Each structure stands twice: as structure tokens, then as C-alpha cells.
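J.: What follows is a structure written as C-alpha cells; I'll ask about it next.
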Amino acid sequence: MTSTDPGRTPHPTENPFTTLPDPQIWGPVRALPSALLGGALVSYRTLISPLYGQVCRFFPSCSAYALEAVQVHGAVRGSWLAARRLGRCHPWTDGGVDPVPPGRRIWPEGRHPRIIELNHPPIPPDLPEEQ
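Using the UniProt record's numbering, read the sequence shown as starting at 1 and increasing by one per residue.
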């Protein structure tokens with residue numbers, strides 16, 4: 001399988017800017033609902049999320065996942081992905097790394113949303129075990 005197969009969750013070390021076939025740069029009308037919802041999510045992350053502290057079982061946190069999903073997939077599909085993620089976040093889950101699946105949106109050069117870079121930090125290789 002390649003990183004452009006639909007329905008495939010990319011490995012955390014893959015390029016976070018991988019897109020599905022036929023990517024598009026969104027015009028202002030198509031991007032407006034995502035921008036409005038993204039603004040609400042940024043407000044939540046700035047005002048309310050710090051009150052909870054680091055309690056999320058997943059990486060990225062649910063609010064960061066939602067923000068990236070809305071930025072990459074749009075308001076409707078991004079909200080659906082965020083709701084599914086919130087449904088998986090409960091005390092009986094193991095958590096772990098849960099990246100947003102790749103989408104078809106691309107951004108002009110130098111205009112990538114900061115949340116994508118924050119959600120996909122470089123992962124250093126494992127150190128060899130000492131014997």
C-alpha cells in the first residue's frame with residue numbers, strides 16, 4: 001500500500017503533507033466554513049483547554065486533532081472525524097498516536113497551517129538497546 005491509498009491511516013513518521021489523488025487548493029468560499037470552525041477551535045484551545053492540563057490519552061490531543069481535521073478535510077468531514085475521535089476518547093481506551101488521515105487539500109507554498117506541523121513533530125529513531 002502506498003501513502004495515497006484511501007482509508008489508510010499513515011504511519012506517524014510519514015510526511016504529514018501527503019495528500020490523496022487529485023489535490024486542490026481551496027478557494028475562499030470553500031475554505032470559509034473551515035476557517036470559522038477553526039477559529040472556534042483555536043479559541044477553545046487558547047481559553048478552555050489550558051484549564052484541563054495534559055489529560056488526553058491520544059497524540060495529538062482531541063482539540064488538535066479536530067483543528068487539523070477541519071483544516072485538511074473541511075468543516076463537514078473534519079467535524080465527523082473529530083466526533084469519531086471524541087467517541088474513542090474514554091477511560092477504557094489505551095490511547096496512543098492517532099493521526100488525521102490524509103486529505104485532498106493542498107496549500108500554496110509557505111502557507112501550511114501551523115497545527116499540522118505541531119501535530120507531526122520529527123520522531124527520532126529508537127536508540128539501540130544496551131547489552
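Ideal Cβ placement from N, Cα and C applies to all residues, glycine included.
These numbers were taken from a predicted model, which means no experiment stands behind them.
At the level of alpha carbons, what is the spacing between residue 11 and residue 28?
T.: Model confidence at residue 11 stands at a pLDDT of 45, short of 50, so the residue's coordinates are unreliable; what they give is reported in the following sentence. C-alpha of residue 11 to C-alpha of residue 28: approximately 31 Å in a straight line.
J.: Residue 5 to residue 66, Cα distance in whole Å?
T.: Confidence in residue 5 is poor, its pLDDT being 44 and thus under 50, which makes the residue's placement too unreliable to answer from.
J.: Give the DSSP-derived three-state secondary structure of residue 103 in the structure shown.
T.: strand
J.: Can you name the residues that DSSP bridges to residue 25?
T.: Paired residue(s): 106.
J.: Pull up the CB-CB distance for residue 41 and residue 61, whole angstroms please, since I reckon it's below 8 Å.
T.: In fact, because the Cβ distance is near 11 Å, the residues do not count as touching under 8 Å.
J.: Can residue 68 and residue 100 be called in contact, C-beta distance under 8 Å?
T.: yes
J.: I'd like to know whether the C-beta atoms of residue 73 and residue 39 end up nearer to each other than 8 Å.
T.: no
J.: Decide if residue 90 is buried, meaning its Cβ has at least 16 other Cβ atoms within 10 Å, or exposed.
T.: exposed
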